[in-house]
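Structure, as structure tokens:
In the UniProt record's numbering, the protein residues as written are 1 to 144.
Written out as structure tokens, the structure is:
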């Protein structure tokens, strides 16, 4: 069975609240990208793990849906997905409690019923959905 590996790395210096770090991805899309307490728990400049999970989930789901639609004979004209990751306090720590996917799709000739079935299958089958131990919701809209 084939196996694909992707890597990213994190570097951190200092305490949890006052320290700073950076993230780098194998592809180079992120290279020493800043992250820290302010980017994670406030609105400081840089990125954070939850934002990256949101981007990964939106991208993974959207591509999975494109495959579902194409496999059913419906090539999408446009698929636009946003993902909202909810980070909630749990005791002394934090957890990703939910991901809300919002999809706007233009797929000519597709019924609402078949659209919802294929979107739900993509949500369940997306590898990022499978790895997250969180409630994952989907609000899917098919536009004319």
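Think of the CB as a built atom: it goes at the ideal place given N, C-alpha and C, for glycine as much as any other residue.
Nothing here was measured: the structure is a model prediction, and the numbers come from that model.
| Query | Result |
| --- | --- |
| Look up residue 123 in the DSSP assignment and give the residues it is bridged to. | According to DSSP, residue 123 bridges with nothing at all. |
| For residue 12, which of 18, 3 and 22 has the nearest alpha-carbon? | 22 |
| Quick check on residue 70: does DSSP put it in helix, strand or coil? | helix |
| State the beta-bridge partners of residue 9 as determined by DSSP. | 24 |
| Compare the C-alpha of residue 139 against each of 27, 84 and 125 and name the closest. | 84 |
| Which first and last residues belong to the beta strand (DSSP E) in which residue 104 is found? | 93 to 106 |
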